[in-house]
Amino acid sequence: MHNIATLPAPRNAWYVGAWSHEVTEKPLARTILNERVVLFRDRAGKAAALEDRCSHRATPLSLGEVTERGLECGYHGLTFNGDGDCVFIPGQDSIPPQACVRAYPVVERQGFVWLWTGDPERIDDATLIDWPWNDDAENWPVRYGRMHLKCNYMLVMENLMDLTHIPYIHRKTIGGGDQMGQVNAEMITKRTDTGVHYIRWMDGIQPPPTYVKAAGFAEGVKVDRWQEFEYVAPITVLQWTGALESGRGARENRDQDGGFSLRIYHGATPETDTSCHYYFAINNGCMARSEADNDKLFQEIWNTFLEDIDFVERQQACLETDPERPLVDIKHDSARIQARRKIERMVAAESAMAVAAE
Amino acid sequence: MHNIATLPAPRNAWYVGAWSHEVTEKPLARTILNERVVLFRDRAGKAAALEDRCSHRATPLSLGEVTERGLECGYHGLTFNGDGDCVFIPGQDSIPPQACVRAYPVVERQGFVWLWTGDPERIDDATLIDWPWNDDAENWPVRYGRMHLKCNYMLVMENLMDLTHIPYIHRKTIGGGDQMGQVNAEMITKRTDTGVHYIRWMDGIQPPPTYVKAAGFAEGVKVDRWQEFEYVAPITVLQWTGALESGRGARENRDQDGGFSLRIYHGATPETDTSCHYYFAINNGCMARSEADNDKLFQEIWNTFLEDIDFVERQQACLETDPERPLVDIKHDSARIQARRKIERMVAAESAMAVAAE
Amino acid sequence: MHNIATLPAPRNAWYVGAWSHEVTEKPLARTILNERVVLFRDRAGKAAALEDRCSHRATPLSLGEVTERGLECGYHGLTFNGDGDCVFIPGQDSIPPQACVRAYPVVERQGFVWLWTGDPERIDDATLIDWPWNDDAENWPVRYGRMHLKCNYMLVMENLMDLTHIPYIHRKTIGGGDQMGQVNAEMITKRTDTGVHYIRWMDGIQPPPTYVKAAGFAEGVKVDRWQEFEYVAPITVLQWTGALESGRGARENRDQDGGFSLRIYHGATPETDTSCHYYFAINNGCMARSEADNDKLFQEIWNTFLEDIDFVERQQACLETDPERPLVDIKHDSARIQARRKIERMVAAESAMAVAAE
Ligand code: FES
Ligand code: FES
Ligand code: FES
Numbered sequence: 016m017h018n019i020a021t022l023p024a025p026r027n028a029w030y031v032g033a034w035s036h037e038v039t040e041k042p043l044a045r046t047i048l049n050e051r052v053v054l055f056r057d058r059a060g061k062a063a064a065l066e067d068r069c070s071h072r073a074t075p076l077s078l079g080e081v082t083e084r085g086l087e088c089g090y091h092g093l094t095f096n097g098d099g100d101c102v103f104i105p106g107q108d109s110i111p112p113q114a115c116v117r118a119y120p121v122v123e124r125q126g127f128v129w130l131w132t133g134d135p136e137r138i139d140d141a142t143l144i145d146w147p148w149n150d151d152a153e154n155w156p157v158r159y160g161r162m163h164l165k166c167n168y169m170l171v172m173e174n175l176m177d178l179t180h181i182p183y184i185h186r187k188t189i190g191g192g193d194q195m196g197q198v199n200a201e202m203i204t205k206r207t208d209t210g211v212h213y214i215r216w217m218d219g220i221q222p223p224p225t226y227v228k229a230a231g232f233a234e235g236v237k238v239d240r241w242q243e244f245e246y247v248a249p250i251t252v253l254q255w256t257g258a259l260e261s262g263r264g265a266r267e268n269r270d271q272d273g274g275f276s277l278r279i280y281h282g283a284t285p286e287t288d289t290s291c292h293y294y295f296a297i298n299n300g301c302m303a304r305s306e307a308d309n310d311k312l313f314q315e316i317w318n319t320f321l322e323d324i325d326f327v328e329r330q331q332a333c334l335e336t337d338p339e340r341p342l343v344d345i346k347h348d349s350a351r352i353q354a355r356r357k358i359e360r361m362v363a364a365e366s367a368m369a370v371a372a373e
Numbered sequence: 016m017h018n019i020a021t022l023p024a025p026r027n028a029w030y031v032g033a034w035s036h037e038v039t040e041k042p043l044a045r046t047i048l049n050e051r052v053v054l055f056r057d058r059a060g061k062a063a064a065l066e067d068r069c070s071h072r073a074t075p076l077s078l079g080e081v082t083e084r085g086l087e088c089g090y091h092g093l094t095f096n097g098d099g100d101c102v103f104i105p106g107q108d109s110i111p112p113q114a115c116v117r118a119y120p121v122v123e124r125q126g127f128v129w130l131w132t133g134d135p136e137r138i139d140d141a142t143l144i145d146w147p148w149n150d151d152a153e154n155w156p157v158r159y160g161r162m163h164l165k166c167n168y169m170l171v172m173e174n175l176m177d178l179t180h181i182p183y184i185h186r187k188t189i190g191g192g193d194q195m196g197q198v199n200a201e202m203i204t205k206r207t208d209t210g211v212h213y214i215r216w217m218d219g220i221q222p223p224p225t226y227v228k229a230a231g232f233a234e235g236v237k238v239d240r241w242q243e244f245e246y247v248a249p250i251t252v253l254q255w256t257g258a259l260e261s262g263r264g265a266r267e268n269r270d271q272d273g274g275f276s277l278r279i280y281h282g283a284t285p286e287t288d289t290s291c292h293y294y295f296a297i298n299n300g301c302m303a304r305s306e307a308d309n310d311k312l313f314q315e316i317w318n319t320f321l322e323d324i325d326f327v328e329r330q331q332a333c334l335e336t337d338p339e340r341p342l343v344d345i346k347h348d349s350a351r352i353q354a355r356r357k358i359e360r361m362v363a364a365e366s367a368m369a370v371a372a373e
Numbered sequence: 016m017h018n019i020a021t022l023p024a025p026r027n028a029w030y031v032g033a034w035s036h037e038v039t040e041k042p043l044a045r046t047i048l049n050e051r052v053v054l055f056r057d058r059a060g061k062a063a064a065l066e067d068r069c070s071h072r073a074t075p076l077s078l079g080e081v082t083e084r085g086l087e088c089g090y091h092g093l094t095f096n097g098d099g100d101c102v103f104i105p106g107q108d109s110i111p112p113q114a115c116v117r118a119y120p121v122v123e124r125q126g127f128v129w130l131w132t133g134d135p136e137r138i139d140d141a142t143l144i145d146w147p148w149n150d151d152a153e154n155w156p157v158r159y160g161r162m163h164l165k166c167n168y169m170l171v172m173e174n175l176m177d178l179t180h181i182p183y184i185h186r187k188t189i190g191g192g193d194q195m196g197q198v199n200a201e202m203i204t205k206r207t208d209t210g211v212h213y214i215r216w217m218d219g220i221q222p223p224p225t226y227v228k229a230a231g232f233a234e235g236v237k238v239d240r241w242q243e244f245e246y247v248a249p250i251t252v253l254q255w256t257g258a259l260e261s262g263r264g265a266r267e268n269r270d271q272d273g274g275f276s277l278r279i280y281h282g283a284t285p286e287t288d289t290s291c292h293y294y295f296a297i298n299n300g301c302m303a304r305s306e307a308d309n310d311k312l313f314q315e316i317w318n319t320f321l322e323d324i325d326f327v328e329r330q331q332a333c334l335e336t337d338p339e340r341p342l343v344d345i346k347h348d349s350a351r352i353q354a355r356r357k358i359e360r361m362v363a364a365e366s367a368m369a370v371a372a373e
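Line order of the protein sequences matches chains A, B and C.
Going by our numbering, the first residue of the first sequence is number 16, and it counts up by one from there.
Going by our numbering, the first residue of the second sequence is number 16, and it counts up by one from there.
Going by our numbering, the first residue of the third sequence is number 16, and it counts up by one from there.
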C-alpha cells in the first residue's frame with residue numbers, strides 16, 4: 016500500500032492542464048505531476064504545453080512571449096514551437112537537435128485542455144473524460160473554477176466519494192438539518208472498469224429550500240432526490256445531483272424537465288505529491304438560469320468547497336506527521352475504499368511496468 | 016552532552032498544556048513535545064487532552080466540536096470521550112477497539128492544565144508544580160500570559176537562571192542604571208533535588224522607581240531587595256522578587272506586609288525541539304492592586320519579556336548554524352550550568368531507560 | 016564541473032562585505048559565504064568584521080553595541096575588539112583565550128569594505144578591485160546600490176557577460192528597438208589573467224534618446240558606441256559604457272569630454288550557495304550631473320536591474336529542480352563560458368589545495 020499522504024499519480028493518463036480560457040498567448044506556468052509546464056496558445060490558436068525550462072540556460076519559458084515562430088525565451092530569444100522543436104537561435108544558423116524541449120501531447124475540447132504526462136507511445140483515451148454539457152450552454156450554462164490545494168489529490172477524490180461528510184463538514188451550511196437522515200440515505204455502489212460509481216436516493220422527501228428556489232417546486236410538493244457520483248481514475252469525479260416531483264418516475268428517467276438538476280465535473284490534477292489543482296465545472300440544468308442566478312449558484316458552491324478544503328488540507332498536514340500509521344475503515348467507506356483500491360492498482364501496475372522496462 | 020539547539024525533553028513529566036481558561040468546549044489544538052494534541056472541556060466541565068488525529072482518516076479532531084457524547088470529529092462524526100475511547104461511529108453499531116485515540120492524563124489545578132506526556136504507568140508528581148498564589152486572588156491577584164517562541168525550551172530557562180543579562184538585554188528599560196552593581200550583586204546558589212535555586216541580595220539600596228510606586232515606600236527610605244529564582248526541571252522557573260524596608264529583617268522573613276513583592280511562574284513547554292510555549296503567571300503581592308494597576312504591571316512585564324525573546328530566538332538561530340561548536344562558560348554561569356546539568360541528567364536517564372526497555 | 020545552481024565560491028579572495036557608508040557604530044549583520052558576519056566601526060572609526068556569534072552563549076553579536084572597549088555582546092556583556100580578542104568579561108578578571116571570536120581581515124577604500132574570507136596567511140590582493148572613480152566625485156559622481164538576490168552569484172556574472180539578453184529581458188525598456196542589431200553587434204572577447212574581457216562596438220549609429228539627453232549630442236549627430244565589460248573572478252564585473260561623436264576616434268581614445276560615459280561596478284558577494292548580495296556603484300561621467308540627474312539615472316538603472324533579477328531568480332529556481340541536467344551552449348555564449356571556466360578553475364584549485372592540506 017502506498018503512503019496516503021504522498022500517493023503518486025500514474026503518468027500514463029490524461030490530466031487537466033488548464034481550462035481552455037486560461038490558455039492564451041500569454042504563457043501560463045503550472046506545475047503538474049512535479050514537472051514545470053508552460054501552456055500557451057500559438058498564433059494559429061493551437062494550445063500547446065512544453066516543459067517550462069529553456070534548453071539554453073534553464074530559464075522558465077513562461078517568462079517569454081509568443082511570436083510568429085512559437086514561444087520565445089525571454090532571456091536570449093531561443094524559440095520553440097508547440098512540438099518542443101527549437102526553431103530559432105539568435106546569432107546562429109544551425110540548431111543542434113539537443114536544443115529542443117519536451118512537449119506534452121495536448122487535447123483541447125469541451126472547455127478542457129488535457130495533457131498527457133506519460134509516454135507518448137502509450138497514449139490511450141480511457142482516461143479522457145467526456146463532459147458534453149460544457150458545450151451545451153443553452154441547456155447547461157457552465158461556470159469554471161480552479162483552486163490550489165495543499166493536499167494529495169486523492170484526498171479530494173475521497174472527500175467526494177463519501178457524502179456522509181455533508182452533515183458534519185457542512186453542518187452550518189448545506190448539511191444542516193436531519194443529520195442521521197443524511198448519513199443513512201440509501202446508497203447503491205458498483206465497481207466500474209474505470210473506478211467506482213454510486214447513487215444515493217432520498218424518496219418522497221420535502222425538497223431543500225435551494226432546490227425549491229432553483230427548480231420552482233410548488234408548495235407542499237414532495238420529491239425524489241438523488242446524488243450520483245462516479246470516480247474515474249485517476250483524478251475525476253463526475254457528479255449529478257437532482258430531484259423530480261415524486262411520482263414522475265425519477266428512478267427510471269432522471270432526465271426530465273421541471274426538476275432540479277446540477278452536474279459538476281471535479282478534477283484534481285496533482286501539482287506535487289502533496290498538492291493539487293482542483294478544477295471544477297458547474298453545469299446548471301435547472302429552469303432558473305439567468306447570468307446572475309448562475310453566478311450566485313457558483314459562489315455558493317465555491318463557498319461550500321472552501322469548507323471541504325479546510326478539512327482536506329489539515330488532514331494532509333496531520334497525515335504527514337506520521338504517514339505510516341494505520342487508519343480505521345468504517346461501514347460508510349465502501350465507495351471511498353473502492354476508489355482508492357482502483358488508483359492503488361493503477362499506480363502499482365505502472366510501477367511494475369517501469370520495473371519490467373528496466 | 017546533547018545539542019543545545021535541540022535538547023529533547025523528558026517524556027515522563029508533567030507539562031503545562033494550557034491555562035485553565037483556554038480550555039473550553041471549543042477544541043484547542045496545541046503541539047506539545049512534537050505531538051499534535053487537542054484540549055477540550057467536556058459537557059461535564061472536565062478538561063481532557065487527546066491526540067489531535069482522528070483514527071478514521073487522520074483529520075485533526077480540533078476541527079470538530081464537543082457534543083453530549085464527547086469530542087465529535089468534524090469530518091464524518093466519529094466521537095471520542097476524554098479517555099480516548101471511540102463512543103460513536105455514524106452508520107454502524109459495533110465499534111472496533113482500534114478506533115480509539117491516545118489520551119493524555121490531565122491534572123487541572125491552580126489555573127494550570129497539566130499534561131503527562133509519558134508512560135501513564137510511570138506518573139509521578141515530582142514535576143507537578145505547586146503555585147497556590149493563583150488561588151489566592153485577594154492577596155495575590157494574577158495575570159496569565161502565553162507566548163510562542165522559536166527556540167529550544169532550555170534557552171528560556173537559562174535566560175532566567177542568569178540575571179546578569181538584565182543590565183544588558185534590558186539596558187534601555189528595567190536594567191538601566193548601575194550596570195556593574197547589578198552584575199555583581201551577592202548571589203547564593205544551591206542545588207536542589209529537582210533543579211537549582213538561587214537568591215540575590217542587594218541590601219540597603221535605594222528602591223527602584225517602580226518599587227516605590229507599587230509599594231509606596233516613603234521618600235529617602237532604603238530597602239533590602241531580593242531576587243529569588245528556582246529552576247524545577249524540566250520546564251519551570253519560580254520567581255519571587257521583592258524588597259522590604261531595611262531593618263525589618265527581610266533576610267529572616269520576607270513574607271511581611273508593606274513591601275514590594277512579586278511572584279512569577281515561568282514555564283516553557285516544548286512545542287518542537289526548536290520551539291516552545293512560554294507560559295507565565297504574574298502574581299502581584301503588593302499593596303497597590305487595582306485591576307488597572309495589575310493590567311499595567313502585566314503589560315510592563317510582557318514588554319520586558321519581548322526583549323528577552325528577541326535574544327533567545329536569535330540565539331537559537333545562531334546555535335542552529337553550527338550546533339556542535341563549543342562555548343565558553345564564565346563565572347556568572349554557576350546557576351545556569353547546574354540547571355543544564357540537571358536536565359541533561361534527566362534526559363540521559365530517560366534515554367537509558369528506553370534503551371534498557373528495548 | 017560544479018552544479019550551476021550551487022556553485023561554491025573560493026574562500027581565498029576579497030569580497031565586498033558592505034559599502035563604507037553602511038558600516039557604522041550600529042552593528043550590521045550580514046551572511047557572507049554561508050557565514051554569519053557582523054560589521055561595525057569602532058570608536059576610532061576603524062571598520063571591523065567578526066563572526067556574528069558570541070563565544071559565551073552563541074548570541075549574535077550584532078544585537079550588541081559598540082563601546083569604548085569594542086563590540087559588547089547584548090546578552091551578558093562580553094566585549095570584543097576588531098581583532099576578535101575578548102577584552103572584557105563582566106564579573107571576572109581573567110579572560111580565557113578561547114573566548115575570542117573569529118575576525119575577518121578588512122580593507123576599506125574607494126567606498127568599499129572588502130573582507131577576506133579565507134586563510135589570513137594567504138592574503139593576496141589579486142582579487143582586490145581598483146575603482147578609483149568612487150573617489151573622484153567631481154568628475155564621476157557616484158550612487159551606491161545593494162540588492163538581495165535569491166540566486167547563485169555566478170548567475171549575476173553570467174547575465175552581465177552576455178548582453179544579447181538586453182533586447183529580450185529589457186525589450187520593454189532599454190532594449191527596445193532594433194533587436195537583431197543589438198544581438199549581432201561586433202564583439203571582441205579576450206581572456207585575461209583574472210577572468211575575461213569584452214568590448215562591443217556599434218559604429219556610426221544614431222545615439223539612443225537617453226544618451227542624447229545625458230550627453231547633449233546635437234541633432235542628427237551619429238556616434239560610435241561601446242559596451243565594455245570585464246569579469247574579474249570571483250565576483251566582479253567592471254562596466255564602461257559610452258559613446259562619442261563619430262569621427263572623434265573613439266576606438267583610439269574613449270576618454271574624451273563631451274560624450275556619453277558611464278561606469279558601473281558590479282559585485283555579487285555570495286550569501287549562501289543559492290543567494291547573494293548584489294552591490295553596484297554607478298559613476299556618471301557625463302556632462303549632465305546635477306544631484307537630481309544622478310538620482311534619476313540611478314533609479315532608471317535600478318529599475319533595469321529589477322528586470323534582470325526577476326530572470327536570474329527564476330532561473331535559479333528552475334535550475335534547482337534538476338541541477339544535473341545538461342544545457343546547450345550557443346554562439347553568443349563565448350564570454351559567459353570563459354567567465355565560468357575561470358571560476359570553475361579557481362574553485363577546483365582551492366578544493367585541490369584543501370585536499371592536499373589534509
Ligand atoms: S535561457 Fe533561454 S534563450 Fe538563453
Ligand atoms: S476523519 Fe474523523 S470521522 Fe472521518
Ligand atoms: S551570550 Fe554573549 S555575553 Fe553571554
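By construction, the Cβ of each residue, glycine as well, lies at the ideal position given by its N, Cα and C atoms.
Are there 16 or more other CB atoms within 10 angstroms of the CB of residue 268(C), so buried, or fewer, so exposed?
Exposed is the call here.
Nearest residue (CA-CA) to residue 135(C), options 197(C), 27(C), 187(C) and 90(C)
That would be 27(C), whose Cα lies nearest to the Cα of residue 135(C).
What are the start and end residues of the alpha helix (DSSP H) that includes residue 333(B)?
For residue 333(B), the enclosing alpha helix (DSSP H) has its first and last residue at 306-336.
Can you give me the start and stop residues for the alpha helix (DSSP H) that residue 46(B) sits inside?
Counting along the chain, residue 46(B) falls outside any alpha helix (DSSP H), though it belongs to the beta strand (DSSP E) covering 43-47.
Which residues bound the alpha helix (DSSP H) around residue 282(A)?
Looking at the DSSP string, residue 282(A) is not in any alpha helix (DSSP H); the run it does join, the beta strand (DSSP E), is 275-287.
For residue 365(C), which three-state DSSP category applies?
Judged by DSSP in its simplified three-state form, residue 365(C) adopts helix.
Answer yes or no: does any C-beta atom of chain A fall closer than 9 Å to that of residue 301(B)?
The beta carbon of residue 301(B) sits no closer than 9 Å to any beta carbon of chain A.
Span of the alpha helix (DSSP H) holding residue 173(B)?
Start and end: 168-175.
Rounded to the nearest angstrom, what separates residue 220(A) and residue 239(A) at their Cα positions?
Across the structure, residue 220(A) and residue 239(A) are spaced so that their CA atoms are roughly 6 Å apart.
Here's a check: name, in chain order, each residue in its chain whose Cβ is nearer than 7 Å to the Cβ of residue 138(A), leaving out the five neighbours to either side.
Within the same chain, and ignoring the five residues on either side of residue 138(A) in sequence, the residues whose Cβ sits closer than 7 Å to its Cβ are 120 and 131.
Determine the contact status of residue 258(B) and residue 241(B), defining contact as a CB-CB distance below 9 Å.
Less than 9 Å divides the Cβ of residue 258(B) from the Cβ of residue 241(B).
Taking the beta carbon of residue 205(A) as the centre, do at least 16 other beta carbons fall within 10 Å, making it buried, or is it exposed?
Flag for residue 205(A) reads exposed.
Does chain B have any CB closer than 9 Å to the CB of residue 156(C)?
The Cβ of residue 156(C) sits no closer than 9 Å to any Cβ of chain B.
How about residue 93(B): is its Cβ closer than 8 Å to a heavy atom in ligand 2?
Under cutoff, so the answer is yes.
Answer yes or no: does any C-beta atom of chain C fall closer than 9 Å to that of residue 246(B)?
Not closer than 9 Å to any Cβ of chain C, the Cβ of residue 246(B) fails to qualify, so no.
Compare the C-beta of residue 332(B) against all C-beta atoms of chain C and say whether one is closer than 9 Å.
Yes, residue 332(B) counts as interfacial toward chain C.
For a test of your reading of the model: does the CB of residue 330(A) fall under 8 Å from any non-hydrogen atom of ligand 2? Yes or no.
Within 8 Å of the C-beta of residue 330(A) there is at least one heavy atom belonging to ligand 2.
Enumerate in chain order the residues of its own chain whose CB-to-CB distance from residue 102(A) is below 7 Å, with the five nearest sequence positions on each side excluded.
The beta carbon of residue 102(A) is closer than 7 Å to those of 84, 85, 94, 95 and 96 in its chain, skipping five residues each way along the sequence.
Listed by chain order, chain A residues near residue 342(C) by CB distance under 7 Å
Within chain A, the residues whose beta carbon sits less than 7 Å from that of residue 342(C) are 70, 71, 72 and 73, listed in sequence order.
From this set, 111(A), 177(A), 115(A) and 100(A), which residue's C-alpha is nearest residue 243(A)'s C-alpha?
If we check each option's Cα against that of residue 243(A), 177(A) comes out closest.
Buried or exposed, going by whether 16 or more other CB atoms sit within 10 Å of the CB of residue 251(C)?
Buried is the call here.
Assign residue 19(A) to one of three DSSP states: helix, strand, or coil.
In the structure shown, residue 19(A) falls within a helical segment according to DSSP collapsed to helix, strand and coil.
For residue 231(A) and residue 349(A), what's the separation of their Cα atoms in angstroms?
When rounded, the distance between both Cα atoms is 35 Å.
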